[in-house]
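According to the UniProt record's numbering, the sequence shown is numbered sequentially starting from 1.
Glycine is no exception: its CB is placed at the ideal position from the N, C-alpha and C atoms.
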Amino acid sequence: MSNDHVRPTRAARPPRRGRLAAVAGLGALTLVATALATTQASAAPDEPLVGSSRDQTGKVQVVHVEAPTPAARTKVSKLGLDMTEHGDATGVEVVLHGSKDAARLRGAGFDWKVTIPDLQARMEANQAKDRRYDAATAQSPLPSGRTAYRNLDDYNREMSRLAQRYPNLVKPLTLRNRSIEGRPVRGIEITTNARQVNDGKPAFLMLGAHHAREWPSAEHAMEFAYDLVENYRTDARTRRIVQRSRTIVVPVVNVDGFVVSRTAAPLGDFSAFDYEMKRKNCSISVQTPADRRGGTCADNPAGRLRGTDLNRNYPGFWGGAGASALWSSDTFRGDGPGSEPEVDNIRRLVSERQVTNLITNHTYGNLVLRPPSIRSTGLSPDEPAYRALGEDMTDANGYANWASFQLYDTSGSTEDWSYWNTGGLGFTFEIGPDEFHPPFQQGVVNEYLGLAPSAGAGYGGNREAYYVMAEATVNAGLHSTIVGSTRPNRKLTVSKSFITATSPVIQTDGSTGAPRYYRDNLASSYETKGGQFRWAVNPSTRPLVVGRYGRDPQGPPQPSQALVNPAGTPAEGTYETATFTVAGQPSYDNGTATVVIDWPDAQVDWDVEIFDSRGRPVASAATLADPEQAVLIDPAPGTYTVRLINYGGGATSDWTGRVDYASPTPGTYSGLKEAWNLTCSNRNGRVLSTREVVVDRGETVRVGDPCTRKGR
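Next comes the structure, spelled out in structure tokens:
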């Protein structure tokens, strides 16, 4: 008997247009957008979309566009439609504002299905849920007990209260630059003897609200701060983290945009003047036409479209794919690499501390993303450890564990600068399966604590994922260590300065120009108390110059396996399943496992989705190709389930399948080594000695007494 399961129906697929490459290593998530995103590069820069988001008869809708390859998703992004910037291995989601948008998609040969038929109705329903939850709940199970979304004053007030209540554990932090509108950007630092900043401990930086409308991102960061300080005395795990590391929490990076979004009168129509859905900061680009420059950030002729996307403005790979050159786009990269004061704040903070671990929180997509953000850069030299750490966190929150490019290319993101240029391990969390700011109970309470129906239900949710990252901060195997001994009142400094190229810069007309260059100055200090010291630092050699990930095979690849086709054939629009088992070392070393599904009739179409033993999506292939091929990179040993979907006509031509294995590709490394400049000075600032220190990730280097010429 066939194991039939109903699959949601999709619009009719156009005729086959030849073979397309299968998507490698991607999950098949179900993402549901609820907000407007981007005017893309095909729109003229002086013609922003600033009118109503509806046509005369239709409602604003979210649709899932079938785009099963990175190339197809890029093609959708260039149609000038409103991209939600969220998608999965089968496609991307777009906000349709009427028949003209639909015609543009149809004319480009794309199919889609409607996921939200009326965005305004959804918004109104969410607001009603929040009112009911707040009224009925005296105190939530969150560490803070909150029952509703905070505003900026709430965050600042609560951080001040924590510092007052726990003066030994919490230090207030105000970042270097004020925002465009003059607001301070605040955070807190959590550790024992918190005011002794140069204490040599590894730092974990927790960020929220780079994007103004992504309210849960700030809430989750703040709740983790509460967990650390409230649990310090009663929980041994928390106490170890707080004693041995420094956690820096900046819940709202984009303070101006957040204030606009949180205080706006909700319209629910996702127009340019629906300020609640503002994403960017409040800067005004030099591109902005004169007639769009007036007014305030919260009330101006261009609406919420003015500003820079802070998570496309970091200088690492700035100007490349996945960001817009147009001022009116929601993914506008800014006028230059690192041009925004809010981005400069985070760059300075990371550059002046040894931030060995970083999480920047966003919504939405149920994803934990790691560098690289651009496919062409290749996997990072730390890919095995990076991927394993991501897996540990996704075991807790149930999210997909991806390299960022596996969703689509993105340039100018936070951790693609911080990792490649400083070596600190950074991740993006895309919180929740749908909506930029869903009902508070769903998007904050359930997602943070791992309560049903969140993906992390029963496994700890994002609270546990954050704890995993905090413990990784303490793990000396994931950063570097300098040890030695010296006299009291000595100040040690490690520093280096270097110039890096951005991506070749995509211009407003779509052409590509020369890269730009930017300078980073990394300098952090440790104030010794005399005697032995132990200083946690990032590796001296930047990942950007190390090379690219690969590894020498430790054994042969596993022999090919045939997939057993269940008896019968599932009805069109439903699916059946098969399983296969990946073996590991010492018997086999598999660099890839490729599921190949073939059928003889060219008019038939089977799609493929692959899930691990916990039911999490790990790969898919839903192209127009025959055969379909879904690739798992460095597959973990275990049993996998293949879902074979009869997308069209499978009853007349059943599938055959196999799993092919291949050895890993050997690594390619530059062999270059960079050094930290280690300087010792006395309390008067006089330099006593200077030397170079080369230290790799996971390595401990002993420098003796660094304040003497010979280190003895």
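Would you give the residue range spanned by the beta strand (DSSP E) that residue i belongs to?
i           : result
E352        : No beta strand (DSSP E) holds E352; the alpha helix (DSSP H) holding it covers P341 to E352.
S99         : Here S99 belongs to no beta strand (DSSP E); instead the alpha helix (DSSP H) covers S99 to G107.
V494        : K491 to A501
L367        : L367 to R370
S681        : W676 to S681
Q629        : E628 to I633
N361        : V355 to H362
residue 747 : Summary: the structure shown does not reach residue 747, with the chain confined to residues 1 through 712, and so no result is reported for it.
D607        : D605 to F611
Q61         : Q61 to E66
A662        : T656 to A662
Does DSSP put residue i in a helix, a strand or coil?
i    : result
N401 : strand
D598 : strand
I241 : helix
Y459 : coil
G390 : helix
E383 : helix
A236 : helix
A12  : With a pLDDT of only 33 at A12, under the threshold of 50, the placement of this residue in the model should not be trusted; the figure read from the coordinates follows. Coil, per DSSP.
A476 : helix
G698 : coil
P617 : strand
T569 : coil
D130 : helix
Q561 : strand
G530 : coil
E189 : strand
W417 : helix
F440 : helix
L425 : strand
E447 : helix
V253 : coil
K280 : coil
F580 : strand
E124 : helix
Which residue's Cα is closest to the Cα of residue i: the options?
i           : options                   : result
T679        : M206, R551, D626 and R490 : R490
G432        : W215, K100, V659 and N677 : W215
S261        : F436, Q243 and F110       : F436
A472        : H211, K100, K201 and Y149 : K201
I506        : P337, A514 and R186       : A514
V642        : T592, E576, P438 and S670 : E576
N397        : K78, A457 and D520        : A457
residue 718 : F611, P553, G648 and Y661 : Absent from the model: residue 718. The displayed extent of the chain is 1 to 712, so no value can be given.
D626        : G648, S613, P600 and A651 : P600
G638        : V444, N446, D392 and G584 : G584
A571        : S524, P557, G648 and R614 : G648
E219        : K280, L152 and S179       : L152
P488        : R683, S497 and T308       : R683
Q629        : D605, I482, D612 and E430 : D605
V546        : G390, T247 and T377       : T377
Along the alpha helix (DSSP H) that carries residue i, what are the first and last residues, could you check?
i    : result
K171 : Where K171 is concerned, there is no enclosing alpha helix (DSSP H), although the beta strand (DSSP E) it sits in stretches over V170 to T174.
N521 : Careful: N521 lies outside any alpha helix (DSSP H), inside the beta strand (DSSP E) at Y517 to E527.
W215 : W215 to E230
L544 : P543 to V546
R643 : Element bounds for R643: not the alpha helix (DSSP H) but the beta strand (DSSP E), G638 to G648.
Y155 : L152 to R165
Could you check if residue i is buried or exposed, using at least 16 other CB atoms within 10 Å of its CB as the buried criterion?
i    : result
A452 : exposed
R146 : buried
E692 : exposed
R686 : exposed
T288 : buried
V185 : buried
D291 : exposed
D509 : exposed
V564 : exposed
I374 : buried
T263 : exposed
R333 : buried
Could you give the C-beta distance for residue i and residue j, rounded to a whole number, given that I count them as a contact under 8 Å?
i    : j    : result
R195 : K171 : 5 Å
D696 : S480 : 7 Å
Q164 : P117 : Their Cβ separation, rounded to whole angstroms, is 49 Å, which puts Q164 and P117 out of contact at 8 Å.
V582 : P635 : 5 Å
H362 : E430 : 5 Å
G443 : R463 : At roughly 14 Å, the Cβ-Cβ gap does not stay under 8 Å, so G443 and R463 are not in contact.
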